[in-house]
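> First residue of the sequence shown: 1331, per this note's numbering; consecutive thereafter. Backbone N, C-alpha and C define an ideal beta-carbon position, used for all residues, glycine too. Structure in structure tokens, see below.
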Amino acid sequence: MFSRFIFIVAAILCIAGIGRAQSEAQPCSSDEHYRKLLAKYPQLAGYEKAFEEQLGKRMAERTTAAADTTIYDVPIVIHVIHDYGDENLSDTVLYDAAQYWTVVYMKENADTADVIPTFVPYVGKPGMRLHLATKDPNGNPTKGIVRFQSYLTAAADDEAKFNQWPPNKYVNIWFIGTFGAEDVGVAAYAYFPSSAVFEPYYDGIICLSSYVSVSDVSVAKTVPHEMGHVMNLYHPWGNTNNPGVACGGTDHVDDTPPTKGHNPSGCTPAALYDTACATGYMVTYMDSHGVLDSIVNYPDTANSQNIMDYTYCSKMFTKGQAARMRTALTSATAGRNNLYTTANLAATGALAPMPDLPPVADFIMNRGTGPTSDARAYFLTFNNSSSFVFRNASWNDTVSGVSWSFSNGATTPTSTSMSTVTNQFSVPGWVTVSLTATSNAGSNTIVNTQAVYVADTTTVGGMGYTQNFSNASDISNWPMMNFYNNQFKWQFYTGAGIGDNSCIRYRSYDSSDRITGNAVGDHDDFYTPAFNLSTSTDNLYLNFFTTAAYTNHNIAGGTTTVDDSMEVDVSINGGGTWYRIGGYGSTRLDNNGNYGTEFVPNSATTWVPRAINIPSSFRNAQTFFRFRYHPGNTGNDMYLDNLYFDGFPAGIKEAITASPNSFNIFPNPSSNGFSMVFKTGNTGAVSYSIKDITGKLVYQNTKVFTANSIQQESVSRSATQAAGMYFVTITVDGVNMTQKLVVY
Ligand SMILES: [Zn+2]
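Here it is as structure tokens:
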């Protein structure tokens, strides 16, 4: 039995300097995630060192054992986190991939034949078979793939792992659409066993859905690479994640010669025969008495075809890596050694034949080619010439037939076997869509009562219309869409309001600290009924009041950054096309600062008026409005009340009435003309002038209005030629009032 002391004799061992900017994207960010965890849990360093020593000892024992030919069976589960786009990988693609991962881990991949002669003697066999589970954590039958529609598939991070299965029973593998800001340019990452001890709920592999195809050599070994990390392998150059920079790092494996590592720039001869760090590489082994046992002369060439390198011509693990993986697998650290136990294989059904289960019925709503969020035609008027398109997206078995049914006077009513159905509806209201998918193993039905809203074209009002949201029944024709069916949503709310105790709110408050609480990426809509605005010829504003706050209770160290935003769109073709007419960034929206708990407005003064000018081109006999809310990481609740149409912006009339010797300019700053609101006096005569910053008069006018009335006067951009600051003076019954105006 060896007590190992290793002397690495290489030509040059330079201490790794940080030569490459961390921002340069690498395909695997396991090292970055490890370092973040290390910063959060400094005790991880000591833990890892002890684990490493234990591993070294056990590796020596294992490698000298007479025969270490055990094959380990390891249960896996694949979670597809998707939003019905390309990231919703098919069962077939995933079954093929899972099979291939076992091929690699059993050293049966055909491309080991392409390993350069130097490394042929060193090709190692991890000896692991990865099995899709046939029983879920509750013991129910499964085919080892589960799917969730979630916004967390975009800009994904650890939060996307919201449905982890116990990591000591299954190796969890998540596929997502895109990575977020922490992992720009990254294809995948995983946690080492010692890291997983500290945050077991993140243990597993998370990988781009575009890095799974077994027919694409540049991506097929991405999951096998990450599985290497799960089994405690480092990158061959160490854990700097700066490949190609400096010799001197180590992966704690003897038969992977020292290397700087290589970028994913292709598999070049320079990479394949790179001797920069390994010339003269030998390892000296001592016995337990400190007496020389042997000196092994390992190759002087980097093992660039190693699956843990970044060359994208990866073909092999070494024998040393295989031993290290098997040692980690048979260690209790992070419960890895439970994975292959007889009891766990029975509990997860890993060795049982794949059951023949009925399909899981599912369908996709009108997915066009536009941006995902706008490709859903959930909302259309009943007489709109556009159509709703429904596409079968059932999974879990080979579907032999589908049967649809639709309420609301659908043009294609029931029982068509088509996988794609185009439909129009003649009856307004929520449509019930039902799809039954059938296979040899049975059938499954999905019924969705909130996928499609068919809007009535009957108008509920126009100029002068006011909605106080007093009763839930007031908004029976104001549909609210919770696209991801979660806690972040629009809702009718009783407990706050202007003039009464009710309003509508967007529930953006994030009550949890991790995993399920992240609202970033979600969005939800509510729609108004039709308004007749065609008769309005003067100024017209969509007015309402809002009040909101943010929270930093779940941000380490707090934050003043607020992410929530709201957009207001208008449609004059029954929801076929939407145009943006208003937007509120977080700094404008969250007017009540930071609240550690869920925000509820307790006073009328917390509400602020909002006004959106409705351009005359959007004043139609059937005009609809859409409010789209984007909750953020630091969101708290936003309340909205008293929506009305008026010739004056919300709040201005009230302000002038309360303070008659004042006037209001909006918008200010302005780029396209501005309006003034003022109260006339006993004569009704009002004169006004505009002077530039030097006092030079640039514009003046006099008009006579109705006496003692609130009036609005618009001034075109041409009245102020150059951008800059101006002074606007209004004279009412001999009294001058002046305000600053900024023109850009
Ligand atoms: Zn990696």
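Using 10 angstroms around the beta-carbon of S2044, count the other beta-carbons present and answer buried if the total reaches 16, otherwise exposed.
Its Cβ having fewer than 16 others within 10 Å, S2044 is exposed.
> Given that a residue counts as buried once 16 or more other Cβ atoms are within 10 Å of its Cβ, and exposed if not, what is V1621?
By the 10 Å Cβ count, V1621 comes out exposed.
> Quick test of your reading: V2072 and N1998, contact by CB under 8 Å. State the CB separation rounded to the nearest angstrom.
Right, the Cβ-Cβ distance comes to about 6 Å (below 8 Å), so this counts as a contact.
> Check this for me: beta carbons of G1591 and P1566, under 8 Å apart or not?
Yes, these two residues count as a Cβ contact at 8 Å.
> Let me make sure I understand the geometry here. Which of A1632, L1385 and S2048 has the alpha-carbon closest to that of T1663?
Checking every option, the nearest Cα to that of T1663 belongs to L1385.
> With 16 as the cutoff for other CB atoms within 10 Å, does A1511 come out buried or exposed?
A1511 comes out exposed.
> In whole angstroms, what is the alpha-carbon distance linking K2033 and K2021?
Going from the Cα of K2033 to the Cα of K2021 covers about 18 Å.
> Can you have a look at N1418 and say buried or exposed, based on whether 16 or more other CB atoms are within 10 angstroms of its CB?
N1418 comes out buried.
> CB-CB under 6 Å to S1548, same chain, minus the five flanking residues each way: which ones, in chain order?
Within the same chain, S1548 has close Cβ partners Y1642.
> Within 7 Å: the Cβ of S1360 and any heavy atom of ligand 1?
True, at least one ligand heavy atom lies under 7 Å from that Cβ.
> With DSSP collapsed to three states, give me the class of T1699.
With a pLDDT of only 45 at T1699, under the threshold of 50, the placement of this residue in the model should not be trusted; the figure read from the coordinates follows. Reduced to three states, the DSSP call for T1699 is coil.
> Find out if the Cβ-Cβ distance for the pair F1709, Y1783 is shorter than 8 Å.
Closer than 8 Å, so yes.
> Is H1960 near ligand 1 - that is, is its Cβ less than 7 Å away from at least one heavy atom of it?
Because no heavy atom of ligand 1 lies under 7 Å away, the Cβ of H1960 does not count as near it: no.
> Check whether the Cβ of H1555 sits closer than 7 Å to any heavy atom of ligand 1, and report yes or no.
The answer is yes for H1555.
> Let's test the definition: count the other Cβ atoms within 10 Å of the Cβ of P1588 and tell me whether it reaches 16, buried, or not, exposed.
Buried, because 16 or more other Cβ atoms sit within 10 Å of the Cβ of P1588.
> Here's the rule: buried if 16 or more other CB atoms are within 10 angstroms of the residue's CB, otherwise exposed. What is A1351?
Residue placement at A1351 cannot be trusted, given a pLDDT of 33 that sits under 50; what the coordinates show is reported in the next sentence. Counting Cβ neighbours within 10 Å, A1351 comes out exposed, since fewer than 16 surround it.
> Taking 6 Å as the limit between beta carbons, can you name the residues of its chain near S1525, skipping five residues before and five after?
Around S1525: Y1364 and L1367.
> So does the region 1645-1659 actually touch the region 1609-1623, counting three or more Cβ pairs closer than 8 Å?
In short, these stretches do not touch, since the Cβ pair count stays below three.
> Sort out for me which residues DSSP pairs L1368 with in a bridge.
According to DSSP, L1368 bridges with nothing at all.
> If you pair each beta-carbon of the region 1761-1776 with each one of the region 1662-1682, do three or more pairs fall below 8 Å?
No, the region 1761-1776 is not in contact with the region 1662-1682.
> Let me know if V2065 comes out buried or exposed under the rule of 16 or more other beta-carbons within 10 Å of its beta-carbon.
Label assigned to V2065: exposed.
> Can you give me the Cβ contacts of K1455 inside the same chain, cut-off strictly under 6 Å, excluding the 5 residues immediately before and after it?
Answer for K1455: K1437 and A1652, listed in chain order.
> On a Cα-Cα basis, can you pick out the residue from T2059, I1902 and G1906 that is closest to Q1952?
It is I1902.
> Tell me whether N1619, by its Cβ, gets closer than 7 Å to a heavy atom of ligand 1.
The question names Asn, but residue 1619 in the sequence shown is His. No, the beta carbon of H1619 sits no closer than 7 Å to any heavy atom of ligand 1.
> What are the uninterrupted segments assigned as beta strand (DSSP E) that are 3 or more residues long and contained completely in the region 1438-1525, given in chain order?
Runs found: 1458-1462, 1475-1479, 1501-1506 and 1518-1520.
> So within the region 2023-2048, which uninterrupted beta strand (DSSP E) runs reach at least 3 residues, ignoring any that extend past its ends?
Counting whole runs of 3 or more residues, the region 2023-2048 contains the beta strand (DSSP E) stretches 2027-2034 and 2040-2045.
> Classify V1553 as helix, strand or coil using the three-state DSSP reduction.
V1553 falls in the helix class under three-state DSSP.
> If you run the structure through DSSP and keep just helix, strand and coil, what is L1970?
It is a strand residue.
> Residues in its own chain within less than 7 Å of R1910 by CB, not counting five upstream and five downstream?
Cβ within range, chain order: E1897 and D1899.
> With 16 as the cutoff for other CB atoms within 10 Å, does V2062 come out buried or exposed?
With 16 or more other Cβ atoms within 10 Å, it is buried.
> In the DSSP assignment, find the unbroken alpha helix (DSSP H) run with M1655 in it and report its ends.
From DSSP, the alpha helix (DSSP H) with M1655 extends over K1649 to L1659.
> Output the distance between the C-alpha atoms of D1893 and R1835, rounded to the nearest integer angstrom.
Cα to Cα, the separation comes out at about 17 Å.
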